[in-house]
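Engineer: The structure that follows is given in the form of structure tokens.
Residue numbers (this note's numbering): 2 to 240.
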């Protein structure tokens, strides 16, 4: 039930957290780990903290950028400990887990964790369809990375054990586009906008962000992206 679920750790600075996260994942039946620019990995500390989940460390997909880690995923959910001034839906851990498990029955999905100290950057958040927040108390909201991984891995396990509760599974769109194709679309989109002189230096990053988040909410189908790419190509020739 969870074989298509990937956990992505971004820029982890303490290798012990990588090992502890791998252990947390394996105990809940999640075995696909991706690491983006981990510091000091591999290491003896990571192996020690994995406590038998060495295979997850050995088989981990090491990437240079988040785009490489999520390229095949059609649903990407990020994690955040703070409120974001971005128009992106925020859901709870249980809902996130149910969505991940339901969609993982038909395609690959990713759950992304940011750096220990700063979390995910806005650029990384822009790659996500949803954000999940854990309801920690305001007076002491800091949660260790491996602990956050354990909580969400547990929720995924519980969702997988109760498939009858996966209401979202009835509405999973098998024809939605993976992250790699969406990123290619965005780059084409922005290229045409620049040629049309629509993007100005001042404020162009903000506009790009809004466009990304808009299409992330829509989650276009493959044929819809093909239509848009065809239109962009025709328009580009006229510029």
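A virtual CB, placed ideally from N, CA and C, is assigned to each residue, including glycine. Since this is a predicted model, take the numbers as computed values, not measurements.
1. Would you check if the distance between the CB atom of residue 157 and the CB atom of residue 61 is smaller than 9 angstroms?
2. In the DSSP assignment, find the alpha helix (DSSP H) that holds residue 186 and state where it starts and stops.
3. The beta strand (DSSP E) with residue 79 in it runs from where to where?
4. So what's residue 128 in DSSP terms, helix, strand or just coil?
5. Classify residue 151: buried if its beta carbon has 16 or more other beta carbons within 10 angstroms, exposed otherwise.
6. For residue 33, which residues from the same chain have a beta carbon less than 6 angstroms from its beta carbon, with the 5 sequence-adjacent residues on both sides left out?
7. Please report the straight-line C-alpha distance between residue 229 and residue 114, rounded to a whole angstrom.
8. Should residue 137 go down as buried or exposed, given a rule of 16 or more other Cβ atoms within 10 Å for buried?
9. So residue 64 and residue 89 are in contact, right, with Cβ under 8 angstroms, and what is the actual spacing, rounded?
10. Relative to the C-alpha of residue 174, which residue among 51, 78, 162, 104 is closest?
11. DSSP three-state call for residue 111: helix, strand or coil?
12. Distance, Cα to Cα, residue 197 vs residue 240?
13. In angstroms with no decimal places, state the Cα-to-Cα distance between residue 215 and residue 187.
14. Mark residue 41 as exposed unless 16 or more other C-beta atoms lie within 10 angstroms of its C-beta, in which case mark it buried.
15. Quick one: Cα of residue 179 to Cα of residue 73, how far?
16. Using CA coordinates, which residue listed in 15, 44, 17, 68 is at the minimum distance from residue 35?
17. Hey, quick one: how far does the alpha helix (DSSP H) through residue 212 stretch, first residue to last?
18. Just verifying my parser: in three-state terms, what is the DSSP assignment at residue 120?
19. Please identify the residue among 153, 29, 221, 199 whose C-alpha is closest to the C-alpha of residue 92.
20. Using only CA atoms, which one of 134, 84, 147 lies nearest to residue 26?
21. What does residue 35 pair with, by DSSP beta-bridge criteria?
22. Quick check: what's the CA-CA separation for residue 30 versus residue 201?
23. For residue 169 and residue 100, I'd like the C-alpha separation in whole angstroms.
24. Are residue 21 and residue 51 touching if we call contact CB-CB under 9 angstroms?
Structural biologist: To lay it out plainly:
1. The residue labelled residue 157 in the question sits at position 156 within the chain shown. The residue labelled residue 61 in the question sits at position 60 within the chain shown. Cβ atoms of residue 157 and residue 61: not closer than 9 angstroms.
2. Here residue 186 corresponds to residue number 185 of the chain shown, with the count starting at 1. Looking at the DSSP string, the run of the alpha helix (DSSP H) that includes residue 186 is 180 to 196.
3. On the chain shown, residue 79 is found 78 positions in, with the first residue counted as 1. Residues 76 to 80.
4. Counting from one through the chain shown, the residue named residue 128 turns up at place 127. Coil, per DSSP.
5. One-based indexing of the chain shown puts residue 151 at position 150. Looking at its Cβ environment, which holds 16 or more other Cβ atoms inside 10 Å, residue 151 is buried.
6. Looking up residue 33 in the chain shown gives position 32. For residue 33, where only same-chain residues beyond five positions count, the Cβ hits under 6 angstroms are 7.
7. Translated into the one-based positions of the chain shown, residue 229 becomes position 228. Translated into the one-based positions of the chain shown, residue 114 becomes position 113. Going from the Cα of residue 229 to the Cα of residue 114 covers about 31 angstroms.
8. Translated into the one-based positions of the chain shown, residue 137 becomes position 136. Exposed, since its Cβ has fewer than 16 Cβ neighbours within 10 Å.
9. Along the chain shown, one-based indexing puts residue 64 at 63. Along the chain shown, one-based indexing puts residue 89 at 88. So it is not a contact: roughly 22 angstroms between Cβ atoms.
10. In the chain shown, residue 174 corresponds to position 173, counting from 1. Per the Cα distances, 104.
11. As a position in the chain shown, residue 111 is number 110, starting the count at 1. Here residue 111 sits in strand by DSSP.
12. Numbered from its first residue, the chain shown carries residue 197 at position 196. Numbered from its first residue, the chain shown carries residue 240 at position 239. Residue 197 and residue 240: Cα-Cα distance of roughly 7 angstroms.
13. The residue labelled residue 215 in the question sits at position 214 within the chain shown. The residue labelled residue 187 in the question sits at position 186 within the chain shown. Their backbone Cα atoms lie some 11 angstroms apart in a straight line.
14. Working through the chain shown from its first residue, we reach residue 41 at position 40. By the neighbour-count rule (16 or more Cβ atoms within 10 Å), residue 41 is not buried but exposed.
15. Start at 1 with the first residue of the chain shown, and residue 179 comes out as number 178. Start at 1 with the first residue of the chain shown, and residue 73 comes out as number 72. Using only the alpha carbons, I get a separation of about 5 angstroms.
16. As a working mapping, residue 35 is identified with position 34 in the chain shown. Looking at the Cα atoms, 68 is the closest of the given residues.
17. As a working note, residue 212 is residue 211 in the chain shown. Residue 212 -> alpha helix (DSSP H) spans 205 to 219.
18. Within the chain shown, numbered from 1, the residue matching residue 120 stands at position 119. It is a strand residue.
19. One-based indexing of the chain shown puts residue 92 at position 91. Among 153, 29, 221, 199, the Cα nearest to that of residue 92 belongs to 153.
20. Here residue 26 refers to the residue found at position 25 of the chain shown. Ranking 134, 84, 147 by Cα distance to residue 26 puts 147 first.
21. Taking the first residue of the chain shown as 1, we reach residue 35 at position 34. Note: residue 35 sits in a beta bridge opposite 9, 62.
22. Position 29 of the chain shown, counted from the start, is the residue given in the question as residue 30. Position 200 of the chain shown, counted from the start, is the residue given in the question as residue 201. Between residue 30 and residue 201, the C-alpha separation is close to 48 angstroms.
23. On the chain shown, residue 169 is found 168 positions in, with the first residue counted as 1. On the chain shown, residue 100 is found 99 positions in, with the first residue counted as 1. Unreliable positioning characterises residue 169 in this predicted model, as indicated by a pLDDT of 49, which lies under 50. The coordinate reading is nonetheless provided below. Approximately 6 angstroms, taken between the alpha carbons.
24. In the chain shown, counting from the first residue as 1, residue 21 sits at position 20. In the chain shown, counting from the first residue as 1, residue 51 sits at position 50. A contact, by the Cβ cut-off of 9 angstroms.
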